[in-house]
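Take 813 as the starting number for the sequence shown in the numbering used here and just add one per residue. Below: the structure, in structure tokens.
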Amino acid sequence: MSSNEALYQQFVEKAELVSAFVTTIGSENEAVDYVINLCDKKEACQLLVSGCEADLSEKAEALCHTKQKKIIAAPGLKSDLYKTLAAQSQKAGFDCIDSGLRDNLAGVDIGFTIAEYGIADTGTLMLDCPSEELRLATMVSEFHVCVLPKSKIRANTYGVEKMMLTRMKKTPDYLAFITGASRTADIERVLALGVHGPLELHILILEDQ
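Structure representation (structure tokens):
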């Protein structure tokens, strides 16, 4: 077994241990199809309409439970990939946005991103997040789908140390390290997923072309 294959297998094992869903894909178009299919299967995020907590008429109560249009947030993608995703989203009846996430903080169904590196020994994704839009996509979406090129998997954080030091000397930036879905636990150690971030993390490992 090659060292690259061993790193890949270790990454998958560690990522799945922290509740991530890992799938191998052969192209970016397969990633788009995956996002569209996943969005189609899930229930739409529901915005809380002001006044829904009041004693309302039956018609008003029904309005409070009206499903919002599904939203896929995909900031920071290459232009051609975003256009493909936007076209597929429109065909499926979803909104696809790459900006204005602050106006949709309670209604983003899927955040779609590209990882810069993967860390095998912890199953961690490393994302370069220079914009607030990209940071929000990884934090406020219900499901986070991230593409990781297989060739970008490193054994541990030491494998990206040189790159990080070089980058910080030039222009200090925001790097996100994401391991599994958002999780927290109360004082009795009852684990809850999705409280402070995405309920699910889907990692699409892109085979080297």
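Ideal Cβ positions, reconstructed from N, Cα and C, are used throughout, including at glycine. For clarity, every value in this text was computed on a predicted model and none was experimentally measured.
Figure out for me which residue from the options has the closest Cα to the Cα of residue i.
{"i": "Cys1029", "options": "Gly923, Leu939, Leu917, Lys890", "result": "Any property of residue 1029 remains undetermined from this structure, which presents the chain solely from 813 to 1021."}
{"i": "Ala856", "options": "Ala832, Ser869, Lys882, Asp845", "result": "Lys882"}
{"i": "Leu987", "options": "Met938, Thr950, Ala827", "result": "Met938"}
{"i": "Arg947", "options": "Lys826, Glu828, Pro887, Cys851", "result": "Pro887"}
{"i": "Glu954", "options": "Leu1013, Glu928, Val824", "result": "Leu1013"}
{"i": "Ala918", "options": "Ser839, Tyr894, Ala949", "result": "Ala949"}
{"i": "Thr896", "options": "Lys982, Val847, Ile990", "result": "Val847"}
{"i": "Leu1011", "options": "Ser814, Lys854, Tyr894", "result": "Lys854"}
{"i": "Glu928", "options": "Thr934, His956, Ser963", "result": "Ser963"}
{"i": "Phe906", "options": "Glu945, Glu840, Cys958, Asn849", "result": "Asn849"}
{"i": "His956", "options": "Ile1015, Tyr894, Thr983", "result": "Ile1015"}
Out of curiosity, what's the CA-to-CA distance linking residue i and residue j?
{"i": "Glu1019", "j": "Ala818", "result": "14 Å"}
{"i": "Ala932", "j": "Ala843", "result": "21 Å"}
{"i": "Asp921", "j": "Ala904", "result": "14 Å"}
{"i": "Gly992", "j": "Gly912", "result": "26 Å"}
{"i": "Gly930", "j": "Phe833", "result": "14 Å"}
{"i": "Cys941", "j": "Ser831", "result": "23 Å"}
{"i": "Asn821", "j": "Pro961", "result": "Per the sequence shown, the amino acid found at residue 821 is Gln instead of Asn. C-alpha separation (whole angstroms): 14 Å."}
{"i": "Thr835", "j": "Glu828", "result": "11 Å"}
{"i": "Cys851", "j": "Ile884", "result": "8 Å"}
{"i": "Gly971", "j": "Lys890", "result": "26 Å"}
{"i": "Asp915", "j": "Ser943", "result": "16 Å"}
{"i": "Ile965", "j": "Ser815", "result": "11 Å"}
{"i": "Thr934", "j": "Ser901", "result": "33 Å"}
{"i": "Ile926", "j": "Thr936", "result": "13 Å"}
{"i": "Arg979", "j": "Leu893", "result": "26 Å"}
What residue does the beta strand (DSSP E) around residue i start on, and which one ends it?
{"i": "Leu987", "result": "987 to 990"}
{"i": "Ala885", "result": "883 to 885"}
{"i": "Val834", "result": "833 to 837"}
So for residue i, helix, strand or coil by DSSP?
{"i": "Ala818", "result": "helix"}
{"i": "Glu855", "result": "coil"}
{"i": "Glu1019", "result": "coil"}
{"i": "Leu829", "result": "helix"}
{"i": "Lys879", "result": "Unreliable positioning characterises Lys879 in this predicted model, as indicated by a pLDDT of 49, which lies under 50. The coordinate reading is nonetheless provided below. DSSP places Lys879 in coil when its eight states are reduced to three."}
{"i": "Leu850", "result": "helix"}
{"i": "Leu1013", "result": "strand"}
Would you give the residue range spanned by the alpha helix (DSSP H) that residue i belongs to?
{"i": "Leu897", "result": "891 to 904"}
Is any beta-carbon of chain C found at less than 8 Å from that of residue i?
{"i": "Lys974", "result": "Checking the listed chains, one finds no chain C in this structure; it contains a single protein chain."}
* To do: Any chance you could list the beta strand (DSSP E) runs of at least 3 consecutive residues sitting entirely within the region 907 to 993, in chain order?
  => 907 to 909, 922 to 926, 929 to 931, 936 to 940, 955 to 961, 987 to 990
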